[in-house]
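For the sequence shown, UniProt numbering assigns the number 391 to the last residue and increments by one with no breaks.
For reference, the structure discussed in these notes is given below.
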Amino acid sequence: MHLAPTPFFADRGCHIRIEGIVRCLDKLGFDSTVCTYHHGREVPTVVTRRIKPIKQYTQTEAGPSKYKLWADWKLLWLGLKTYRSLRPQVIHAHLHEGLMIGFIIKLFFFWRHTPLIADMQGSLYGELESHGTFVKRPLLRAPVKLIERILMWCADHIVCSSVHSYQKIRQEFNVPEHKITLVQDGANTPAKLDTTQRAALIANWNLPANKTLAVYSGALLEAKGLDNLSTLILQTQDISTLHFLIIGYPTEKLQQFLDKHALSDRCTLTGQVPFETLPELLQLADIAIDPKSADAGEGSGKMLNYLANRLPVLAFNTQNNRDFLPPSNPLADSITALIEQLRAHCYQVEGLSTIGEVNFKHFVDHYSWSVTEAQLGTAYRRYFSEITSTV
Numbered sequence: 001m002h003l004a005p006t007p008f009f010a011d012r013g014c015h016i017r018i019e020g021i022v023r024c025l026d027k028l029g030f031d032s033t034v035c036t037y038h039h040g041r042e043v044p045t046v047v048t049r050r051i052k053p054i055k056q057y058t059q060t061e062a063g064p065s066k067y068k069l070w071a072d073w074k075l076l077w078l079g080l081k082t083y084r085s086l087r088p089q090v091i092h093a094h095l096h097e098g099l100m101i102g103f104i105i106k107l108f109f110f111w112r113h114t115p116l117i118a119d120m121q122g123s124l125y126g127e128l129e130s131h132g133t134f135v136k137r138p139l140l141r142a143p144v145k146l147i148e149r150i151l152m153w154c155a156d157h158i159v160c161s162s163v164h165s166y167q168k169i170r171q172e173f174n175v176p177e178h179k180i181t182l183v184q185d186g187a188n189t190p191a192k193l194d195t196t197q198r199a200a201l202i203a204n205w206n207l208p209a210n211k212t213l214a215v216y217s218g219a220l221l222e223a224k225g226l227d228n229l230s231t232l233i234l235q236t237q238d239i240s241t242l243h244f245l246i247i248g249y250p251t252e253k254l255q256q257f258l259d260k261h262a263l264s265d266r267c268t269l270t271g272q273v274p275f276e277t278l279p280e281l282l283q284l285a286d287i288a289i290d291p292k293s294a295d296a297g298e299g300s301g302k303m304l305n306y307l308a309n310r311l312p313v314l315a316f317n318t319q320n321n322r323d324f325l326p327p328s329n330p331l332a333d334s335i336t337a338l339i340e341q342l343r344a345h346c347y348q349v350e351g352l353s354t355i356g357e358v359n360f361k362h363f364v365d366h367y368s369w370s371v372t373e374a375q376l377g378t379a380y381r382r383y384f385s386e387i388t389s390t391v
C-alpha cells in the first residue's frame, strides 16, 4: 500500500517517481495500490484509491496550500480503511506527510508488524526554505528540523532518490547505514523521432525551424528557479538565433514577465503537457536548462529526461547536479556564468550533439529504471527474502 499525499498524477517529477516505483515493484512481484488525493489524472498502470473531494482544493502544482492539512486528514482515514481491507505486506510512504500518516496507521495495527518504508525525495526543511516559508515564519525553523528528525526515526527503512539526499539523511539525522538505501530516480529511453514526426511537431507548436532551441521542463515557480530562468531569457535577447521552449505550469507569472519585456516572440510556453508526450518535445531541443540554484537534496527526474534525450545541460554547481551529471558537463557558479555558457553553446552548435551523446551514455550506465529496480529490490529483500528478479 502506497501513501501519496499529492494530487497524483499531475505530470510532476514527484509523481513520475511514484509511478516509476510502482512499476519497479510490479516487476519485483508486488501488487501496489496508491492512496492519494482526490484530484490528478488516472494512470492506466497504477491502481489508485482517492480521498473524497475537497471542492476548493484544485491546485496541482507544487507548493503549500491551506487545504493540504484537511486532505492529509482524509488520506489518513482512507489509508486506515485501505489497510484494513487489503492487509498489505508493506506500507510504502511517499514524502514526509506520507511517512507521518503511515506511522499512525502502523500504530493502529501494531500487532501486524507491517514494515513502514519511507520514500524520501528531499529534505522537508530544504523544500520549505526554497518556497520561502521561513522568511515569513522564521520561528518555524527549529520545530521543522525537529519534526523531520523524529520522522526519519519512525520508518523501518528509508529509500531516497539521490546521493545528496542519502548523505543529508545520514549526516543530519544520524540514521544508521543499515536503515537507508539509495533508490535513485529513473527514466525511460525514448524512441527517436523520424524526420516526418519532427517536422509535424515543430509545425504543431509553431516553433522556428532554423533556430537553436533551449528547453526547460518543470514547474514555473520561484522555488524551481523561475527568477533565474526569466533572467536567462532577458539577458540573451540579443541572440537572434535562440528560441526558448518552456514546458510546464503555472504560466501566468512568466507570461506577464515576457509581455512586460516584449519577449513573447522569443519563447513558446506549452503549459501543462502529459508526461507521456514530454520526450518527443525534448527531442526538438538543442540545449536543456535547469535554472534551480537551491539544493534541497531531492532527485531530478527533469535532469534524467534531459540526459535520456541526448541533450547538453546548463545547470548550477550544486551537489545534486554534480551527482547526476557526468564530470564532462560544466556547471555554473552564478547566473552570469550560466548566461555565458548558453551564449557559448549558441555560437558552437556543431558540438552540441557530441555533448548530448556523452550525457546519454552516462544515463544508460547509471540511471535507467532497471538500475532503480535493482536498488529497490535490495531494500525490500530485507523483509522479503523471495525477491530474486533483477537483483
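Glycine included, each C-beta is placed from N, C-alpha and C at the ideal position.
Separation of GLY98 from ASN204, as counted between CA atoms:
The sequence position of residue 204 within the sequence shown is 204, counting from 1. The sequence position of residue 98 within the sequence shown is 98, counting from 1. Looking at the two C-alpha atoms, the distance is approximately 40 Å.
Look at ALA187 and ASN305 and say whether their C-beta atoms are less than 8 Å apart.
For the purposes of this step, residue 187 is taken as residue 187 along the sequence shown, with counting starting at 1. For the purposes of this step, residue 305 is taken as residue 305 along the sequence shown, with counting starting at 1. For ALA187 and ASN305, yes; Cβs fall inside 8 Å.
Nearest-angstrom Cα distance between LEU25 and SER370?
For this step, residue 25 is matched to residue 25 along the sequence shown. For this step, residue 370 is matched to residue 370 along the sequence shown. The alpha-carbon atoms of LEU25 and SER370 are separated by roughly 11 Å.
Near HIS261, which residues of its chain fall below 7 Å by C-beta distance, leaving aside the five closest residues on each side in sequence?
If you number the sequence shown from 1, residue 261 lands on position 261. So the list reads LEU234, once near-sequence residues are dropped.
Kindly indicate if chain D contains any beta-carbon less than 8 Å away from that of GLY218.
You won't find chain D in this structure, because it holds only one protein chain.
Distance, ARG84 Cα to ASN309 Cα
Residue numbering aside, residue 309 sits at position 309 when the sequence shown is read from its first letter. Residue numbering aside, residue 84 sits at position 84 when the sequence shown is read from its first letter. The alpha-carbon atoms of ASN309 and ARG84 are separated by roughly 43 Å.
What does the Cβ neighbour count give for ARG17, buried or exposed, with the cut at 16 atoms within 10 Å?
The residue labelled residue 17 in the question sits at position 17 within the sequence shown. With 16 or more Cβ atoms within 10 Å of its Cβ, ARG17 is classed as buried.
Sorted by chain position, which residues of the same chain lie with C-beta nearer than 6 Å to THR212's C-beta, five sequence neighbours on each side aside?
Locating residue 212 in the sequence shown gives position 212, counting from the first residue. Excluding residues within five positions, the ones whose Cβ falls inside 6 Å are THR241, LEU242, ASP286, CYS346 and VAL349.
Run through DSSP, which three-state label would ARG84 get?
As a first step, residue 84 must be located in the sequence shown, where it is residue number 84. Helix.
What are the start and end residues of the beta strand (DSSP E) that includes ARG382?
The residue you call residue 382 lines up with position 382 of the sequence shown. Looking at the DSSP string, ARG382 is not in any beta strand (DSSP E), and its letter there is neither H nor E.
Taking the beta strand (DSSP E) that CYS35 belongs to, which residues open and close that run?
Along the sequence shown, read from residue 1 onward, the residue named residue 35 stands at position 35. Counting along the chain, the beta strand (DSSP E) containing CYS35 begins and ends at 33-36.
Within 7 Å: the Cβ of LEU325 and any heavy atom of the ligand PLP?
In the structure shown, the ligand PLP is absent, as is every other ligand, since no ligand is present at all.
Contact check, LEU245 vs VAL215, beta carbons under 8 Å:
Along the sequence shown, one-based indexing puts residue 245 at 245. Along the sequence shown, one-based indexing puts residue 215 at 215. Taking 8 Å as the Cβ cut-off, LEU245 and VAL215 qualify as a contacting pair.
Residue 455 lies in the alpha helix (DSSP H); which residues open and close that run?
There is simply no residue 455 to check, as the chain begins at 1 and stops at 391 in what is shown.
Tell me which residues share the same chain as THR268 and place their Cβ nearer than 8 Å to its Cβ, disregarding the 5 neighbours each side in the sequence.
The residue labelled residue 268 in the question sits at position 268 within the sequence shown. These residues qualify, in order along the chain: TRP205, ASN206, LEU207, HIS243, PHE244, LEU245 and ILE246.
Give the range of the beta strand (DSSP E) segment to which GLY126 is assigned.
Residue mapping note: residue 126 aligns to position 126 of the sequence shown, counting from 1. Looking at the DSSP string, GLY126 is not in any beta strand (DSSP E); the run it does join, the alpha helix (DSSP H), is 124-130.
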